[in-house]
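Structure, as structure tokens:
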Amino acid sequence: MKICGLQKTTLLDYPGHVAATVFLGGCNFRCPFCHNKELLGNDAEALFSLEELLGFFKKRASILEGVCITGGEPTLFPEELEDLIRRLRSYGYLIKLDTNGFRPEVLRHLCEEQLLDYVAMDIKSCPERYPVVAGVPSLSTEGIMESVSFLMGGAVPYEFRTTVVRELHTADDFAKIGAWLKGCSAYFLQNYVESENVLQPGFTSCNKQELLSFMDILKPYIHRVELRGVDY
């Protein structure tokens with residue numbers, strides 16, 4: 001497990017809490033619109049040792065409330081991830097985990113051990129579009145669907161979220177996502193931020209009306225659907 005980044009203070013990554021965000025290297029997806037491409041491969045550069053990271057959080061325990069652990073994909077390193085979380089919790093921190101949901105057994109274990117306070121799971125698209133949007137042609141969605149079902153069972157507070165990319169998402173996709181996630185507690189649409197520093201440059205963001213139309217498609221299925229990072 002490589003600790004590749006640390007955002008020392010955030011009011012956005014863990015809603016309702018003053019937190020810091022830890023970025024772990026390595027991911028099993030290759031989403032073409034990913035902004036964290038430097039974290040994806042085995043050559044991701046570790047910027048902190050575990051002891052350096054824990055030293056920071058020990059000193060900041062009276063200031064920060066929570067830690068958001070993101071990536072990359074944190075669940076690729078289950079034993080090291082669990083050790084990190086246990087040590088952070090010993091300082092009194094709330095823990096939010098960001099995940100793509102590919103490893104439901106890791107998610108389930110962490111919840112059974114009562115190590116997570118909040119989970120944000122990325123929904124790349126409707127199940128049949130996952131191989132394209134996640135950038136893995138041979139991808140099986142079985143684990144992802146299991147993670148969705150597990151979270152909807154209420155073991156831990158959670159949200160689902162999708163980064164919306166004009167070239168990759170359609171109204172039909174969101175109708176299928178709505179049917180899939182029907183009854184979930186919260187679903188957020190995040191507009192893609194145009195950048196050349198992604199795996200496959202050239203994608204564009206949606207305008208507000210397009211995003212609102214996707215919300216209208218989802219609302220019959222999901223009580224709480226919101227745009228994140230967009231005024232409306």
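For the sequence shown, position 166 (counting from the first letter as 1) is numbered 166 according to full-length UniProt numbering, and the numbering increases by one without interruption. Don't be surprised by glycine CBs; every beta carbon is placed ideally from N, CA and C.
Residue interval of the alpha helix (DSSP H) (run including residue i)
| i | result |
| --- | --- |
| Val198 | Looking at the DSSP string, Val198 is not in any alpha helix (DSSP H), and its letter there is neither H nor E. |
| Glu210 | Lys208 to Leu218 |
Assumed close pair residue i, residue j - CB separation to whole angstroms, cut-off 8 Å
| i | j | result |
| --- | --- | --- |
| Phe214 | Val165 | Rounded, the Cβ-Cβ distance is 12 Å, inconsistent with contact. |
| Leu53 | Leu6 | 7 Å |
| Gly26 | Glu73 | 7 Å |
| Pro104 | Ser147 | 4 Å |
Short Cβ contact (7 Å threshold) for residue i with residue j
| i | j | result |
| --- | --- | --- |
| Phe102 | Asn191 | no |
| Phe150 | Leu181 | no |
| Met1 | Phe77 | yes |
| Lys37 | Leu199 | yes |
| Val22 | Ile63 | no |
| Tyr118 | Pro157 | yes |
| Gly66 | Ala19 | yes |
| Ala175 | Ile217 | yes |
First through last residue of the beta strand (DSSP E) which encompasses residue i
| i | result |
| --- | --- |
| Lys8 | Ile3 to Thr10 |
| Phe23 | Ala19 to Leu24 |
| Val225 | Val225 to Arg228 |
Report yes or no: do the segment 109–116 and the segment 124–140 share at least 3 C-beta pairs separated by less than 8 Å? With fewer than three CB-CB distances shorter than 8 Å, the segment 109–116 does not count as touching the segment 124–140.
Enumerated in chain order, which unbroken segments of the beta strand (DSSP E) with a length of 3 residues or greater are wholly contained in the segment 49–118? 66–70 and 94–99
Inter-stretch contact at 8 Å, needing at least 3 Cβ pairs: the segment 211–226 / the segment 185–192: Yes: the two stretches touch, three or more of their Cβ pairs being nearer than 8 Å.
Counting only runs that start and end within the segment 111–195, where is the beta strand (DSSP E) found for 3 or more residues in a row? 118–122, 158–164 and 187–191
Say whether the segment 34–48 touches the segment 79–92, bearing in mind that this needs 3 or more beta-carbon pairs closer than 8 Å, one atom from each stretch. Too few Cβ pairs lie closer than 8 Å, so no.
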